[in-house]
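One structure is given below, encoded as structure tokens.
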Ligand code: ADP
Ligand code: MG
């Protein structure tokens, strides 16, 4: 994308205007309790700045994947409470906008949150007319549309794509910031440029690797995907995650000479908090055992390869960080990236961003933590993102 996206400034004075904001409030819930409110906190500044400018704000968002019908497990009600706490204002929670005469969803509040847009089949429908009908209903609530949900821009959904065609629109600050950072990772990145990839599957990240490898100086690979690379080097990986159909692709990636693999691995018999673990050489994984984290020597190796980097993009945990015996690799790598002086450091991917927070590493030590996992990967793959296209038009 060459042109910068139109920002909220391009809309002129918003005082007294009704603004529909699409936010990314897709937070993890455990029995109705929010376990990580990062996305809500990230959404607050744009909502607050519109309120401060005198607008009436109606926020819409999705949560999880309900099947186009009301499902209490995916209600945004807990998010409305948390949003209210963070804003320090009453948030009107709107279960059904149609039940409010003349579209006044606010009552006495100046900010409202609509119930999960995916409770309406029109939101995600492949049928243009069905999506259009829902987009019309959303557009009727507001004078202006602001898309601040970077995590959803890769979706051709009513609240992301179609509604932008019905109202004067702009990209929210979060979307603009995400796009600006992703542009710096793809167009003339400052060198050395080091990318660190982990997570579970090579197949998930295949296209990203293909797109980034020609642009980077070094690619550090950890997480579950490193075992397919190790297998491509001819090593036995025991019972570790292995994608046999990706071995050939990994072999090609290794031929570039840019890929750095772990030299030691934390192995166990199973993923459990009281598992017996051992650190073994990456080329000596015993049969029957699973590699579940990169070892301490690999953390040192990766730290060394990161030294002097000017641009760093990290996606995918180095191990099963959710379980303490396998968290050290991810923690060590995150620390190494956070400690880099003067580099643009970007963390992408839902689990990687969650890892930074749950491992207790100060988010402010990173240049940017992307809130949109799938969307940032699709951007880096070079795909066209419908939500961004709609904002440019
Ligand atoms: P992101 O959401 O940041 O893009 P992914 O979804 O690709 O990351 O991968 C995250 C998952 O990968 C985590 O749940 C983690 O437990 C898992 N993982 C990391 N290393 C391993 C491993 N060695 N074996 C199995 N799973 C792993
Ligand atoms: Mg993930």
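Numbering (our numbering), first residue to last: 5 to 397.
Cβ coordinates follow ideal geometry from the N, Cα and C atoms, glycine included.
Remember, predicted model here, so these are calculated numbers, not experimental data.
ask   = Listed in chain order, which residues are found with a beta carbon closer than 5 Å to a heavy atom of the ligand MG?
value = 354 and 355
message = Taking 8 Å as the cut-off, is the C-beta of residue 31 nearer than that to any heavy atom in the ligand ADP?
response = no
inquiry  = Rounded to whole angstroms, what is the Cα-Cα separation between residue 132 and residue 356?
reply    = 35 Å
Residue 26, DSSP secondary structure in three states = strand
query = Tell me which same chain residues have a C-beta within less than 6 Å of the C-beta of residue 162, skipping the five on either side of it?
reply = 126, 127, 135, 138 and 139
key: Beta carbon of residue 61 nearer than 9 Å to that of residue 31   = no
inquiry  = Going by beta-carbon coordinates alone, are residue 28 and residue 153 separated by less than 9 Å?
reply    = yes
inquiry  = So, for residue 164: in the same chain, excluding its five sequence neighbours on each side, which residues have a beta-carbon less than 8 Å away from its beta-carbon?
reply    = 26, 151, 153, 156, 157, 390, 391 and 394
query = Three or more C-beta pairs closer than 8 Å, one from the region 319–328 and one from the region 293–309: is that the case here?
reply = yes
Which listed residue (75, 311, 348 and 318) has its alpha carbon closest to that of residue 338 = 318
request  = Express the C-alpha separation of residue 187 and residue 5 in angstroms, rounding to a whole number.
outcome  = Summary for residue 5: the model assigns pLDDT 47, below 50, so the residue's position carries little reliability; its value from the coordinates is reported in the next sentence. If I take the Cα positions, the gap works out to 8 Å.
message = Based on DSSP bridge pairs, tell me the residues matched to residue 11.
response = 175
query = Going by the CB atoms, is the gap between residue 177 and residue 11 shorter than 9 Å?
reply = yes
inquiry  = Please list the terminal residues of the continuous alpha helix (DSSP H) segment that includes residue 84.
reply    = 81–91
query = Say the cut is 8 Å; is the CB of residue 208 nearer than that to a heavy atom of the ligand ADP?
reply = yes
ask   = For residue 149 versus residue 174, is the C-beta distance shorter than 9 Å?
value = yes
ask   = Terminal residues of the continuous beta strand (DSSP E) containing residue 148?
value = 148–151
key: residue 206: first and last residue of the uninterrupted alpha helix (DSSP H) it sits in   = 206–216
key: Extent of the continuous alpha helix (DSSP H) run through residue 272   = No alpha helix (DSSP H) holds residue 272; the beta strand (DSSP E) holding it covers 268–272.
task = Mind listing, in chain order, the continuous beta strand (DSSP E) runs of no fewer than 3 residues lying wholly within the region 89–117?
result = 96–98
query = Quick one: is residue 473 buried, meaning 16 or more other Cβ sit within 10 Å of its Cβ, or exposed?
reply = In the structure as shown, the chain starts at 5 and stops at 397, and residue 473 therefore has no counterpart that could be examined.
task = Please find out if some non-hydrogen atom of the ligand ADP comes closer than 8 Å to the beta-carbon of residue 357.
result = yes
key: residue 179 versus 15, 47 and 332, residue with shortest Cα-Cα distance   = 47
task = Tell me, to the nearest whole angstrom, how far the beta carbon of residue 170 is from that of residue 190; I am working on the premise that it is less than 8 Å.
result = Not a contact, Cβ separation roughly 31 Å.
inquiry  = By the three-class DSSP mapping on this structure, what secondary structure does residue 315 have?
reply    = strand
For residue 5, the three-state DSSP class (helix, strand or coil) = Reliability of the predicted coordinates at residue 5 is poor, the pLDDT of 47 falling under 50, and no value is obtained from them.
task = Spatial neighbours of residue 207 within its chain, please: CB distance less than 7 Å, with the 5 preceding and 5 following residues excluded, ordered by chain position.
result = 247 and 250
message = So, at 7 Å on beta carbons, what are the nonlocal neighbours of residue 292 in its own chain, with the 5 sequence-adjacent residues on each side left out?
response = 242 and 243
query = Relative to the ligand ADP, is the shortest distance from any of its heavy atoms to the C-beta of residue 337 smaller than 8 Å?
reply = no
query = Would the beta-carbon of residue 261 fall within 9 Å of that of residue 226?
reply = no
ask   = Given a threshold of 16 other Cβ atoms within 10 Å of its Cβ, counted over all protein chains shown, does residue 280 qualify as buried or as exposed?
value = exposed
task = Give a yes or no on contact between the region 101–119 and the region 62–81, applying the rule of three or more CB pairs nearer than 8 Å.
result = yes
Residue 189 beta carbon near the ligand ADP (any heavy atom closer than 8 Å) = no
inquiry  = What ranges does the alpha helix (DSSP H) occupy inside the region 287–311, keeping only unbroken runs of at least 4 residues that lie completely in it?
reply    = 300–310
inquiry  = So, at 7 Å on beta carbons, what are the nonlocal neighbours of residue 21 in its own chain, with the 5 sequence-adjacent residues on each side left out?
reply    = 59, 147 and 148
message = Just to confirm, is the Cβ distance from residue 344 to residue 310 under 9 Å?
response = yes
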